[in-house]
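Under the numbering used here, read the first sequence as residues 774 to 1216, first letter to last.
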Amino acid sequence: MVKTIWIGDVQSGMYDGQVVELKGWVKRTRGSNKIRFVVLRDSTGTIQCVAKRDVLGDEAFESVKAALIESSIIITGTVNVDERSEGGHELVVSSVEIVGSVNPERPFPITESAMAAADGGETEFLLDNRHLYLRTSRMTTMLKLRSSVFGAIHGYFRNLDFIEYQAPNFVAGAVEGGSTLFEVPYFGRTAYLTQSWQLYAEAAMPALERLYTIAPSFRAEKSRTRRHLTEFWHAEMEVAWASNQEIMTHGEGVVRKIASTLLDERTPELESLGRDLDLVARYADSPYPRMRYDEAVETLQGMGVDVEWGQDLDYSKEKVLTQDFDVPHFLTHYPKIAKPFYHRMDPEDEKYVLCHDLLAPEGYGEIIGGGERTWSEEEILKRLDEEGTPHEAYQFYIDTRSYGGVPHGGFGMGVDRVCSWLTGADHIREVIPFPRDSRRVTP
RNA sequence: GCCGAUUUAGCUUAGCUGGUGGAGCGUGGGACUGUUAAUCCCAAGGUCGAGGGUUCGAGCCCCUCAAUCGGCGCCA
């Protein structure tokens, strides 16, 4: 049952005039009692197949008529160049085999009306039928774009000799705030699903020096926004002997690499989503400015926004700040009080930490958070105590400082957020096959 | 956790000042030899989210609950 011929290649003209066997699924049918048009779909595209009763005979023609939407089918025929067919090619059918039929009492539920109503967004019905919605052209396109994003991230880091490194997903302690941990029963104890690879990456930093991962992270946030998932894909990196500035250079580098890869590999997909290619090209080609937190606060205050020094910048403030940005911007040097214990204090002014957030334009918000880590044992103990965090769960982390601590840092990137931003999606749910949020774990 | 909204056939929806729910898609049957979400004719398919109240009478008015959607906070 090897498949050797792909519809995308047929549409590109590789098989004109030849007899080919196509394997796929019925996307749509139409026609009369003597001639039927079957639009066949596979992972690479669609093609119109023309079935005529006087060529096929009554029995085969009736089976074509009975093939409902999403039946799987093997069609043999001659590739014909014909302007009347979408894509410029059609298959003149000589034989047909229905592989998996569809029961008329339970037809494929995703209809044109369901798709039109969603209009790029997602109705409850489409979320309930996500396993079937994946087959539609919009989801297929998104999944291809997503694959290229993942490939670009791996490519960026591997080109620079980073080592891909895996951390456990069951953990004992928090990275971010403890309130967003998912508890998991663990043989009579409580474990948590990881919020980040970071702490375990820091343990391997003295071994590998340059390391990265793409892995799921879990946060029990009851957020109902277009930017949040409870399970999201987290691209993280950690580098020894690196400053906040160098780490930002990698953040900018990987994001620009993702944008340029999408233009290289997926221009037709971006166009089919209606994405402005000039915007994506700008994100690939332009440098990303860096702005200190203080400057951002002053800018916001100048715009009449009610913001006090020392508070973290929430989404409503980010949105105002980024509305005039035409490329992503880094925000650096946040006040210590707004950030967790592992951020390194700025030696020039201990009110600040050496950190950065990368804010995407067009209202997509934060896509990267990172910075230098506190690396002296003395300082990390002090920061834990300031936060009132008990040391037990973090003893392994403290040990990494006890034995040859060095300056280092890294960042975490929300891969789904990047996908959402670069594809121009309305909601982060659109770019992941089975989205998880506070109200949905099925299908 | 807070604010706002929605819920009518498998899907998408119309439903007027309260008077026994219409349509399109899909499905089934029929017509049609080049269709582009084909077209035309016919049919089946509804305890109007659940419960209670007002009323001679509730899809519509009132109350409670549920589910869902959007936004905020928190973050990537």
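Built from N, CA and C at the ideal position, the CB exists for glycine as well.
For Asp831, no beta strand (DSSP E) encloses it; the enclosing alpha helix (DSSP H) starts and ends at Asp831 to Ala839.
Listed as beta-bridge partners of Leu795 by DSSP are Ile848.
Annotated as distal: Thr909 and Glu1042, with beta-carbon spacing of 9 Å or more. The alpha helix (DSSP H) runs lying completely inside the stretch 958-995 and spanning 4 residues or more are 971-981, given in chain order.
Pairing Gln1018 with Tyr1115 gives a Cβ-Cβ distance that is not under 9 Å.
Taking the C-beta atoms as reference points, Phe898 is found no nearer than 9 Å to Glu843. From the listed residues Lys807, Leu1073, Tyr985 and Gly797, the smallest Cα separation to Gly873 is found for Gly797. Judged by their CB atoms, Ala974 and Ile987 are not nearer to each other than the 9 Å cut-off. In the structure shown, the three-state DSSP call for Arg931 is helix.
In the three-state reduction of the DSSP assignment, Tyr906 falls in the helix class. The Cβ atoms of Arg1117 and Glu1152 lie closer than 9 Å to each other.
For the set Gly924, Glu1121 and Thr1105, the Cα lying nearest the Cα of His1129 is the one of Thr1105. Counted as a single uninterrupted DSSP element, the alpha helix (DSSP H) harbouring Met1021 occupies residues Asn1017 to Glu1038. Following the DSSP letters along the chain, one finds Asp1172 inside the alpha helix (DSSP H) bounded by residues Gln1168 to Ser1175.
Going by DSSP, Ala1054 is part of the alpha helix (DSSP H) stretching over Leu1050 to Asp1058.
Rounded to the nearest whole angstrom, the C-alpha separation of Asn876 and Leu841 is 8 Å.
When only Cα atoms are considered, Ser996 and Leu1002 end up about 8 Å apart. Only residues of its own chain outside the window of five on either side were considered, and among them Ala1057 have a CB closer than 6 Å to the CB of Arg1029, listed in chain order. Excluding the 5 residues flanking it on each side, Arg814 has same chain C-beta neighbours closer than 7 Å at Gly797, Trp798 and Lys800, in chain order.
Beta bridge pairing from DSSP links Ser868 with Thr849. CA-to-CA, the gap between Leu984 and Met1186 works out to about 14 Å.
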